[in-house]
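Working notes, beginning with the structure itself.
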Ligand SMILES: Nc1ncnc2c1ncn2[C@@H]1O[C@H](COP(=O)(O)OP(=O)(O)O)[C@@H](O)[C@H]1O
Ligand SMILES: [Mg+2]
C-alpha cells in the first residue's frame, strides 16, 4: 500500500548570521496509512524542523519526500499548497486559530481555499466540530473557549478536508493535564475511527504512550524507532 508519508535522507540546514545550522542530517522515515507515531527527543534535536518538512510547510535542503505517493520536490509552491490542503492536517502547540472568528468559520477556512461552496463548507465544518465533541460551541470565538476546546477546534480544522495524515507538534504543550488528556482521547478516537494517520511530537512520556510507535530524534537524526504496545494493550 502507498505510504502516507515517505521521507528519504531529508536534510535541512538554516543559515544563521552566515553560519550553517544543520537541523536535520539525513532522516529516512515511512509512515503507513492509519499509523499512530510519536516523535520524541530533546529540545533542539530537530523535531519541529522534521514536522514542517513532513507537513510541506517547508522544503528540505536535500532528500525526497513523497506524500501519499506524490514526490513533492518537483512541485511548484502552488501545487505544494494544494497537495498540503488535500492530504495533510497540521496542529500547532499554540492552536493558531483566528481570534475574531467563530469556531465554525475557523474550521471552514481550509475549504475556502479548496473552492467548496458556503453551504457545504458550513455543513462540513459543523460535522467536524461535532466529531471533536464541540457541536455546542459553533459560534464561540477562541477567547470564549478553554485551551482544550481551542485545540479541539484546531483538530477539527485540520480534519475538515479529510486528510490522510494529521501532524501535531506538541499538541498538548500548552494544556493542563486534564485538557491534555481530553485532546489525546480525541486523537485516539479519530485514529481508530476514521483511520487518519497521526504523527505527533511530544516531550511527555504519557502522551507518547498513546502512539504505537516511538521515533527518537537526536542531533538531527533518528536514533531509535520502536513499535510499542499501547497502554490498554499491555
Ligand atoms: N529558522 C531557523 N533559523 C535558524 N536555526 C533554526 C531555525 N529553526 C530551527 N533552528 C535550529 O535548528 C535546530 C532544530 O530546531 P527544532 O527543529 O526547532 O528543534 P526541536 O523542535 O526538536 O526543539 C536547533 O538548533 C534550532 O536552533
Ligand atoms: Mg519544536
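In the working numbering, the protein residues as written are 896 to 1129.
All C-beta atoms, glycine included, are put in the ideal place defined by N, C-alpha and C.
For residue 902, three-class secondary structure by DSSP: In the chain shown, counting from the first residue as 1, residue 902 sits at position 7. Looking at residue 902 - three-state DSSP - the assignment turns out to be strand.
Helix, strand or coil for residue 928? Go by DSSP, reduced to three states. As a first step, residue 928 must be located in the chain shown, where it is residue number 33. Correct three-state label for residue 928: coil.
Who are the Cβ neighbours of residue 904 in its own chain at under 8 Å, not counting the five residues just before and after it? Here residue 904 refers to the residue found at position 9 of the chain shown. So the list reads 921, 922, 923, 957, 958 and 959, once near-sequence residues are dropped.
Count the other CB atoms within 10 Å of the CB of residue 910; is the residue buried (16 or more) or exposed (fewer)? Position 15 of the chain shown, counted from the start, is the residue given in the question as residue 910. By the neighbour-count rule (16 or more Cβ atoms within 10 Å), residue 910 is not buried but exposed.
Residue 1087 burial status per 10 Å Cβ neighbour count (16 or more: buried): The residue given as residue 1087 occupies position 192 in the chain shown. Residue 1087 comes out exposed.
Quiz: which residues have CB nearer than 5 Å to ligand 1 non-hydrogen atoms: 909, 911, 916, 918, 938, 939, 940, 941, 942, 943 and 944
Out of 908, 1116, 897 and 948, point me to the one whose CA is closest to residue 1064's CA. Your numbering for residue 1064 matches position 169 in the chain shown. Among 908, 1116, 897 and 948, the Cα nearest to that of residue 1064 is on 948.
Nearest to residue 1053 (by Cα), restricted to the options 941, 984, 952 and 917: For this step, residue 1053 is matched to residue 158 along the chain shown. When each option's Cα is compared against that of residue 1053, the closest is 984.
Whole angstroms are fine: how far does the CA of residue 926 sit from the CA of residue 952? For this step, residue 952 is matched to residue 57 along the chain shown. For this step, residue 926 is matched to residue 31 along the chain shown. Roughly 18 Å between the two C-alpha positions.
Does the beta carbon of residue 920 come closer than 9 Å to any beta carbon on chain B? The structure shown contains no chain B; it holds only a single protein chain.
Can the beta-carbon of residue 936 be found less than 9 Å from the beta-carbon of residue 1112? Translated into positions along the chain shown, residue 936 becomes position 41. Translated into positions along the chain shown, residue 1112 becomes position 217. Contact: yes.
Look at residue 1092 and residue 1055 and say whether their C-beta atoms are less than 9 Å apart. Locating residue 1092 in the chain shown gives position 197, where the first residue counts as 1. Locating residue 1055 in the chain shown gives position 160, where the first residue counts as 1. Result no, Cβ atoms of residue 1092 and residue 1055 do not sit closer than 9 Å.
Relative to the alpha-carbon of residue 1089, which residue among 1026, 938, 1099 and 1037 has its alpha-carbon at the smallest distance? On the chain shown, position 194 is the one that residue 1089 refers to. Closest by alpha carbon: 1026.
Would you tell me roughly how many angstroms separate the C-alpha atoms of residue 1050 and residue 1123, rounded to the nearest one? Position 155 of the chain shown, counted from the first residue, corresponds to residue 1050. Position 228 of the chain shown, counted from the first residue, corresponds to residue 1123. Cα-Cα distance, rounded: 24 Å.
Among 1119, 988, 967 and 986, nearest to residue 978 - alpha-carbon criterion: Counting from one through the chain shown, the residue named residue 978 turns up at place 83. When each option's Cα is compared against that of residue 978, the closest is 967.
Would you grab the beta carbon distance between residue 1037 and residue 992 for me? Rounded to a whole angstrom, and I think it's under 8 Å. The residue labelled residue 1037 in the question sits at position 142 within the chain shown. The residue labelled residue 992 in the question sits at position 97 within the chain shown. For a cut-off of 8 Å, the C-beta gap from residue 1037 to residue 992 is around 5 Å, short enough to register as a contact.
Would you decide whether residue 1021 is buried or exposed? Buried here means 16 or more other CB atoms lie within 10 Å of its CB. Position 126 of the chain shown, counting from 1, holds the residue named residue 1021. The residue in question, residue 1021, is buried, as its Cβ has 16 or more Cβ neighbours within 10 Å.
Taking DSSP as the reference, what is the three-state secondary structure of residue 1089? Your numbering for residue 1089 matches position 194 in the chain shown. Residue 1089 falls in the helix class under three-state DSSP.
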